[in-house]
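Notes for the one structure printed next.
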Amino acid sequence: MNKTNERKLTIARAMAEAVAQELRVDPRVFVMGEDIGALGGVYGNTRGLLEEFGAERIRDTPISETAFIGAAVGAAQDGMRPVVELMFVDFFGVCFDAIYNMMAKNTYFSGGSFKVPMVLMTSTGGGYSDGGQHSQCVYGTFAHLPGMKVVAPSNAYDAKGLMTAAMRDDSPVVYMYHKGLQGMGWLGTEPGATVHVPEESYALEIGKAKVVRDGTDVTVVSLGMGVHHAMKAAKELQEQGVSAEVIDLVSLVPLDRDTIRASVAKTGRLIVVDEDYMSYGVSGEIIASVTEHDISVLKAPPKRVAFPDVPIPFARVMEQFCLPNPDKIVAAWAGMQAA
Amino acid sequence: MTPSRDQLHWMYRNMVTSRRLEEAIAKIYLEGKTPVFNMANGPIPGEMHLSDGQEPVAVGVCAHLTAEDVVTATHRPHHQAIAKGVDLDRMVAEIFGKATGPSGGRGGHMHIFDPAVNFACSGIIAQGMGPAVGAALSRKVQGKPGVAVAFVGEGAVNQGGWHEAMNLAALWKLPFICVIEDNAWGISVAKAAATSVPRNDVRAAAYGIPGHHVEDNDPYAIFEVAGEAVARARAGEGPTLIEVETYRLAGHFMGDAEAYRPEGEKDGLFAKDPIPKMRWRMLTDGTATETELDAIEVESAERVDAAIKFARESADPAPEDALTSVFAA
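Residue numbers (my numbering), protein chains in the order written: chain G, 3 to 341; chain H, 54 to 382.
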């Protein structure tokens with residue numbers, strides 16, 4: 003197999019391509035957000051769209067998230083398929099009512115007679131010292147509240163397929179992309195996220211996790227940036243003779259509990275890696291999904307490598323101290339052996 | 054209301070200090086970020102929003118404030134922090150993420166907090182409005198002196214939170230002033246493409262309060278309208294809205310290529326740089342001599358150099374200190 007001729011894309015370009023392909027075939031689709039027009043998105047994920055589709059369908063908005071996300075809910079209910087961008091997920095504080103009380107609930111409130119087919123795409127993640135209002139993940143916050151699907155790609159292939167699926171979904175989808183995976187050099191870039199992306203349109207099934215590395219001794223579960231940490235840790239563990247299986251959640255809602263349970267049933271050990279705050283979040287949910295199902299499969303107590311329960315500090319040494327990394331995953335394995 | 058000679062010299066000194074600081078930061082910020090620009094690298098990582106060009110707003114308003122008055126600032130807070138009297142050494146240390154910063158490195162450049170001069174920031178658009186209104190409420194309810202000023206950008210006026218806070222301040226007749234720094238751009242989106250009216254001072258009518266507009270980034274005119282607004286607030290007559298046409302001489306953040314700006318716009322702005330304009334005006338009307346202004350410029354540069362030196366030589370915080378300060382001690 004000759005892979006060198008395969009086209010590789012960044013997540014940013016993969017997202018823009020998926021949106022463009024749907025815009026070409028579905029007149030109901032339009033895009034709204036701050037700096038998504040002439041600038042092409044702060045993270046590059048709407049680059050080229052204004053030039054091809056014009057300002058009617060690619061709408062730069064004022065800094066008015068409550069208004070334009072609320073408007074997207076109304077437009078979606080009226081038959082359109084808006085893709086809206088919340089520039090940093092940290093900004094959800096100014097507009098959450100439109101998201102969790104309307105976007106997420108109107109399908110239910112209406113007994114299914116109203117549909118809200120919209121995509122809310124938003125950037126997550128830190129690691130580049132942007133301080134505590136521009137670095138959060140808050141995966142658990144969104145996944146906790148019923149009525150919205152939540153996806154988080156770790157690579158460009160999934161990014162494109164998830165975006166296409168999200169746009170075609172009749173339910174609202176929150177699409178959380180990690181800044182450090184985006185392929186924008188100025189944010190630093192994890193090279194593993196830039197992978198082969200087919201040119202034709204395709205959709206992934208939302209709600210399916212992926213076993214991205216087979217192993218027999220321990221299951222490492224993560225999403226987004228954490229998958230890359232997990233893969234690096236797995237290589238290091240391999241050198242110690244430990245076989246780690248790595249699961250990329252891809253989707254938080256729906257959560258593919260079967261894939262996680264099957265893996266832990268095989269390995270007997272579980273480490274969850276999450277860049278979001280530790281408590282009341284994704285890591286606890288993954289562990290509960292295993293233990294409430296069959297606690298007897300576990301040969302050791304599960305471990306969490308997550309952001310401690312503190313706001314994200316600015317100073318590099320403090321932020322790096324708090325963030326998950328491959329060494330912490332390897333150390334979690336060692337801690338499991340000592341226990 | 055005309056600024057006194059002393060006030061003019063104070064304003065000029067703070068404008069120059071602020072500019073020298075931004076110039077120094079602009080250079081240091083790029084250390085470790087060339088040839089590959091990665092925000093995570095260098096002695097000052099993360100986003101950096103410089104205030105070059107916007108200094109007249111900060112000094113024209115803060116000339117009327119004392120340490121007991123409250124200011125809330127934005128993601129672009131350096132000029133306001135300097136004019137409000139935040140200790141420069143410690144402020145720069147915070148920008149570097151050092152242990153000697155007022156937040157011990159937890160905050161960074163968008164989160165400068167100094168209780169000694171009642172200064173706070175939020176990096177989220179318009180979100181300084183509520184806290185400033187609340188501080189004004191606190192002073193009024195407790196019968197304590199002091200006014201509260203929220204500095205915001207013109208983009209913030211399209212946030213729901215801005216309008217809610219304005220209504221509350223007017224309804225309760227609070228000692229509050231909202232100062233809009235209209236630098237014409239919300240990142241890449243021009244004011245005209247984002248705001249339904251050409252001037253935001255007209256929005257004061259919606260709250261039944263006075264609204265003022267200042268053209269051309271004029272520190273004298275800002276001083277005058279801010280003086281009226283502060284006097285009005287101190288007299289218990291309620292809030293005022295001020296919009297100032299100012300100029301963003303730097304990008305939205307460092308690394309911003311500003312390809313969205315019309316060609317030549319930037320050159321026109323540099324020609325209107327408020328610092329040489331003020332210098333020329335003071336020399337022309339005799340409110341300062343060349344010797345005096347030269348001395349202010351030298352002293353300001355030295356002050357900035359000393360603050361940078363302090364920050365560079367300060368120790369990093371202990372990594373595990375990230376886990377402290379979450380709750381009140």
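Here a beta-carbon is modelled for each residue, glycine too, at the ideal position from N, C-alpha and C.
Neighbourhood of PHE90(H) in chain G, by CB distance below 7 Å: GLY187, TRP188, in chain order. Counting along the chain, ILE289(G) sits inside the alpha helix (DSSP H) bounded by residues 284-296. As computed with DSSP, PRO84(G) is found in a beta bridge with PHE32(G).
The residue among ASP92(G), GLY129(G), ASP276(G) with its C-alpha nearest the C-alpha of MET123(G) is ASP92(G). ASN47(G) sits buried, since 16 or more C-beta atoms from the chains shown fall within 10 Å of its C-beta. Residue-level contact by beta carbon fails for GLY106(H) and chain G, as no gap is shorter than 9 Å. Here the alpha carbons of TYR159(G) and VAL210(H) stand approximately 40 Å from one another. Approximately 7 Å separates the beta-carbon atoms of VAL229(G) and VAL248(G); this is inside 8 Å, confirming the contact. In the DSSP secondary-structure assignment, TYR102(G) is not bridged to any residue. In chain order, GLY163 place their CB closer than 6 Å to the CB of TYR204(G), counting only its own chain and leaving out the 5 sequence neighbours on each side. Neighbours of TYR130(G) across chain H, judged by C-beta separation under 8 Å: ASN91, MET92, ALA93, PRO98, GLY99.
Taking a Cβ-Cβ cut-off of 7 Å, PRO155(G) has no neighbours in chain H, whose nearest Cβ is about 21 Å from it. The beta carbons of HIS136(G) and PHE90(G) sit closer together than 9 Å.
By a beta-carbon distance limit of 8 Å, ILE101(G) does not contact ALA167(G). Their separation comes to about 20 Å. For secondary structure counted as the beta strand (DSSP E) over 3 or more consecutive residues, the segment 289-369 of chain H holds these complete runs in sequence order: 293-298. Rounded to the nearest whole angstrom, the CA to CA distance from ALA317(G) to SER131(G) is 6 Å.
Less than 9 Å separates the beta-carbon of HIS128(H) from that of MET163(H). Per the coordinates, the alpha-carbon of GLU352(H) lies some 22 Å from the alpha-carbon of PRO56(H). CYS324(G) belongs to the set of residues whose beta carbon lies under 9 Å from a beta carbon in chain H. CA-to-CA, the gap between ILE38(G) and THR248(H) works out to about 17 Å. By the beta-carbon neighbour count (other beta carbons within 10 angstroms, threshold 16), ALA382(H) is exposed. Within chain G, the residues placing a beta-carbon under 9 Å from that of VAL242(H) are GLU36, ASP37, GLY39, ALA40, LEU41, ASP62, THR63, PRO64, ILE65, ordered along the chain.
The beta carbon of GLN240(G) does not come within 9 Å of any beta carbon belonging to chain H, so the residue lies off that interface. Taking CB atoms only, VAL351(H) has no neighbour in chain G less than 9 Å away.
Around the beta carbon of MET54(H), fewer than 16 other beta carbons lie within 10 angstroms, which makes this residue exposed. The three-state reading of DSSP puts TYR65(H) in helix, counting H, G and I together. For a cut-off of 8 Å, the C-beta gap from ILE148(H) to GLY161(H) is around 7 Å, short enough to register as a contact. Of all residues in the segment 192-222 of chain H, those with a C-beta nearer than 8 Å to a C-beta of chain G are GLY208, ALA209, ASN211, GLN212, GLY213, GLY214, reading in chain order. Annotated three-state conformation of LEU11(G) is strand, per DSSP. In the DSSP assignment, ARG215(G) is bridged to VAL248(G).
Against ALA246(H), the close residues of chain G are ASP62, in the order they occur along the chain (beta-carbon pairs closer than 7 Å). Annotation for MET178(G): no alpha helix (DSSP H) segment contains it, though the beta strand (DSSP E) segment containing it runs 175-180. One alpha carbon belongs to SER156(H), the other to LEU221(H), and they sit about 30 Å apart. Taking 9 Å as the cut-off, the beta carbon of VAL75(G) is found no closer than this to the beta carbon of ARG59(G). Of the candidates GLU241(G), PRO313(G), THR293(G), PRO313(G) places its Cα closest to the Cα of CYS139(G).
Note on ARG72(H): 16 or more other CB atoms within 10 angstroms of its CB, so buried under the neighbour-count rule.
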